[in-house]
Every structure is written in structure tokens, then in C-alpha cells.
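Residue numbers (mature numbering (1 follows the signal peptide of the UniProt record, and there is no 0)): -17 to -1, 1 to 557.
Just so it is clear, CB atoms sit at the ideal spot from N, CA and C, and this is done for glycine as well.
Working notes for the structure below.
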């Protein structure tokens, strides 16, 4: 796989250095948003409902109360948008009372939901309080939580609102402290068997989800920023499952799933009540800004709504609510608390997530649109045509291409530990993913917003050369440290001669690289191909018996030769 990616890199970029990990965008995908209104500059609820229903792919909103103005606005202007309504923590004890709780719950449902639902409000979720199990724990509320949820569910059935499910949002502190390895996760002692096990039983019986507020933002630092916001990184390996996690969000979700499974409730659905990233924080805080917010939210939406799922839950989607729709300039606390919004008050995006229906936001959809259901495991080669990234393609757009295509094709080869992870840069990864997507869609489109190109040179087939080729191009270094070593080779003739090399340092049969005009070659251009034991069409790596081969690709008509070593302090690939 390594030579394949290196060839794609060369075909795609002549003399350009490695791309920096870029902000991530998305194709239009359904997603929910938290709609808070602790601000003095926001549009009317009717305008918000109309905007979301007609201009965006947002299909759910989560309200922090049962504000009748908001419910009426969505009933009149956005009846298709699902609504999650919140009940204040303080109301829960009244619903939990054995004698009067059911009557209190029915009264609340009649007073706050029934009429609005009758008028068209699409309420589908009722949230019993918020983060009752921490970080601030009030024992009376903990005791009241599950009984209140049961009474509310009964009340909804009795009031003829069976479509409304009951849950409660939890913060991730319901998990016991651990080392961050998902397979080691479990719920906190004291809450696990006494509170969460019976609650999960309730969710299982009623078809409602366990809701968590997943915030990698509150767990990141300068060292793990890339891991937190879906940028390329080495990841964290879980030895028990043999899975490598390159996303903190994925790890958090799989930790919740693991803890649920340990209690016997792995089939309960998981919903994400809140997750987001601020665009502004305290002065000097690293990792906060529009690009970081876009990277995180785009990655999260791809996982939750794009069908990608997580390593332990592949292919699943999760009911998810991005935090939040707007900045809230009246909220107390740190600066970040007021700056989680994804839209400005005039409805312009603060950064692009591809959520606008009219296409005014830059999403990475190829044009024309590809088939929405390509084969999930396409072959990255075939048919005489291959799609690779163009030379000079914008790094942000290429990353967007990766984000989009990975929602449909298997991208494990470019994840850390995968056969095509190295070289670890956007250009190489994009070329692999774009081609996989191109092949899966019947090779009908390689545009990718102008960043793709079709080549007739098969990058996945490697065979011996039976004719001499001439070429004229810039050899592209494949390592950062080689950027200053770029050379132009003109009309260089290369051929492979089968036989045993006298200078090999390792035994076995091999193929040596020579030139019809070897006097014109530098020492680093004279290397050997180690082909011992290779099956037909296997990628060929050159071994350097002189310890002086620079890491360059020599592209021939029917083969690619990868020279992986270099002496003198430059990092080696082997």
C-alpha cells in the first residue's frame, strides 16, 4: 500500500510540500442543534424556525425549556423539524412522588406540550432535567430522576402522545476515571448498578436513547488537540479490541457503549445531547477558533449523521445536537461559553459545515453529485482509469474530500496503523480516498470541486518493465526533509534486469536497477529492488545497498519504484 500512496502523491503534486491538516467541511447531512436564547441580538423564533426548515439540513432542535413562543414558532413554520423539550431539574421531585407524581406529570404534559403538539409542533423527545448525575450532584435529584422519567413516560401515553420519548442528558463524568482506553471504560461505582442499570432497562423497554453530552473540548490540551478535533494524528491504541482511535469523540462514544455493554445493555441507542467547539476563548488559549470549531463539528457530524459510526459501532447513526445554533452573549462564565454558535444572528454561517440547502456554503460534494450509496468496500483500482488529487489542490478542499468520501468508503487503510497511512499528509490520503470513492461510483466523476484528475496510469498494479520509458518531470520528495533535494531528470532511461546482485547485504534473489546511461546517474539513483518472495503485482520497494538512496519516486510507464532510504541524518522510511 505504501508505494500506491507515494505514487498518488507524485502524480498529484509536482514540487509542493506536504499539506497541513486542514479544516473539515461536510456535504449536506441531517443534524440537530441546541437552540438557546440567552442573548440580546437573536432573530425571532419564527424567523429561526423558517430559516432552519427552508434553508438548512437541520432536522432537529433541542430547547432548554418549554417556551411556548418557540413551540408555536416551530408548529407554524417548521412542523417537519423534530423538537426536544427540556424540563427543569427542580420539577423532577414532584413527578417522582409515589402518590401524586403521575398526576403532576400529566398536568405538566397537558400544560406545556399537548396544545402545541396539536397545533403542529413535532415534539419527539422530552428531557427530564439536565446532568443530574454530575458534575454537581444533588442527592434528592438523583433519587428522583428515574421515577420522574417513568411517570413522565406514563403521562405521555395517557395524554395520547406516545411518539414522545423520555430521556435525560448526562455528562461524561458518569464514567469512572480511566486511562482513556475505551475497552477499560465502566460507569462510576454507586451509579452503575443502582442508577444507570435500571435507567438503561427503562430505555430498553421504551425505545428511548441514553443521552450524553460529549465534549472533547473540555478534555483537550495543546498536545492532543489534533486527536480532539479530528485532525490527522497517531491515535490511541486499544489492545483489547485491537482498534486504533484517532478521534477523542469516537473514543468517548465507544467508552459509553462499552460501559453500557458491561451492564448488559449494549443494544440501547446513544444520543448526543450536546457537543461542540467554541470559536473564541480566553486570550492566548491554544486550539480555539473558527477552523478548530469547524474541524471538530464537521468530524462529529460525519460520525453521527454520515453513517460512518465509531470503531465499535460502525455504520451506526446517532441522534445528535450540535452546541449550539447561535452565540449567546448574555451567558455568564468563561468567554468560550458565549461563543459556541455555528450561525450568526443574520443566519450567515460562522464557518462552513455544508448545512445550507442552497449550496451557498462550500461543501466537498463532487459535481455532479455522486451516487449516495456506493459500495462500502470498493477496490481502489481498476478499469484503466484512476482518480487522484490535482497538483496544487487546496489542502482544505482535499481534507473536505476525505471527510465526505469516508462517509461512504472504507478509510481504515489511511488511519494510523493502516497499510496506506504513510506518508501521513492530506495530499496522499485524499488521493487514496478520492480514488476509492471514484471506483465505488462507477468511475463517473472525479471532479471533487475541481481538485480531482483522472489518470490512465494504474497506481495499484506493479509489474516488471519490459520496455524503456522516457519522462520529463520534477521528482517529488516524499518526506519533509527532502524538499530541498528536488531535482529534474530529463529523458532518463531506466530498466530492470533480473538476476542476483553481488552487492546485496541480504541473501535471496532480487532485481537490480540499472540505467542505459549509468554514467549520468548519481549514486543515490543506483539502487536495488528487493523482490524476493513477492507475489505478482506486488508493490516494489527498493533496498539501498549503498545507504545513499534519497526518498524519491521514479515513475515508469508500467511500474513505480520506491527508494525509501537516505543517509546523513534525514529520517528513514524503513
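C-alpha distance - residue i paired with residue j, whole-angstrom precision
i           : j           : result
residue 98  : residue 192 : 25 Å
residue 148 : residue 107 : 6 Å
residue 570 : residue 151 : Nothing about residue 570 can be read from this structure; the chain reaches only from -17 to 557.
residue 281 : residue 303 : 12 Å
residue 129 : residue 88  : 13 Å
residue 225 : residue 51  : 50 Å
residue 211 : residue 339 : 25 Å
residue 335 : residue 371 : 24 Å
residue 376 : residue 423 : 22 Å
residue 183 : residue 251 : 7 Å
residue 12  : residue 202 : 27 Å
residue 141 : residue 299 : 32 Å
residue 17  : residue 112 : 15 Å
residue 40  : residue 177 : 40 Å
residue 414 : residue 218 : 21 Å
Among the options, nearest to residue i - alpha-carbon criterion
i           : options               : result
residue 189 : 246, 300, 109 and 211 : 109
residue 277 : 341, 214 and 388      : 214
residue 286 : 419, 392, 437 and 101 : 392
residue 134 : 160, 185 and 120      : 185
residue 305 : 124, 28 and 45        : 45
residue 23  : 321, 439 and 421      : 321
residue 205 : 270, 307 and 137      : 270
residue 166 : 235, 298, 202 and 325 : 235
residue 429 : 33, 401 and 369       : 369
residue 411 : 381, 439 and 438      : 381
residue 48  : 84, 258 and 96        : 96
residue 126 : 330, 83 and 174       : 174
residue 279 : 258, 268, 266 and 38  : 258
residue 326 : 310, 337 and 195      : 310
residue 220 : 263, 163 and 406      : 163
residue 73  : 60, 20, 131 and 323   : 131
residue 435 : 394, 156 and 388      : 388
residue 61  : 84, 82 and 100        : 100
residue 644 : 413, 248 and 240      : No information on residue 644 is available, as it lies outside the stretch -17 to 557 that the chain covers here.
residue 264 : 317, 223 and 121      : 317
residue 341 : 238, 36 and 26        : 36
residue 114 : 197, 168, 169 and 104 : 197
residue 30  : 78, 56 and 137        : 56
residue 331 : 160, 25 and 15        : 25
Secondary structure of residue i, DSSP reduced to three states
i           : result
residue 66  : strand
residue 91  : helix
residue 241 : helix
residue 319 : helix
residue 223 : coil
residue 332 : strand
residue 326 : strand
residue 136 : helix
residue 302 : coil
residue 228 : strand
residue 173 : coil
residue 116 : strand
residue 309 : strand
residue 182 : helix
residue 290 : coil
residue 297 : strand
residue 203 : coil
residue 58  : helix
residue 84  : helix
residue 278 : helix
residue 51  : helix
residue 188 : helix
residue 399 : coil
Buried or exposed by the 16-neighbour rule on C-beta atoms within 10 Å, applied to residue i
i           : result
residue 373 : buried
residue 313 : exposed
residue 462 : With a pLDDT of 29 at residue 462, under the threshold of 50, the modelled position of that residue is not reliable, and no figure is offered here.
residue 319 : buried
residue 384 : buried
residue 315 : exposed
residue 58  : buried
residue 247 : exposed
residue 223 : exposed
Cross-strand partners of residue i (DSSP beta bridge)
i           : result
residue 153 : 195
residue 108 : 67 and 148
residue 17  : 45
residue 257 : 196
residue 438 : 369
residue 39  : 339
residue 158 : 170
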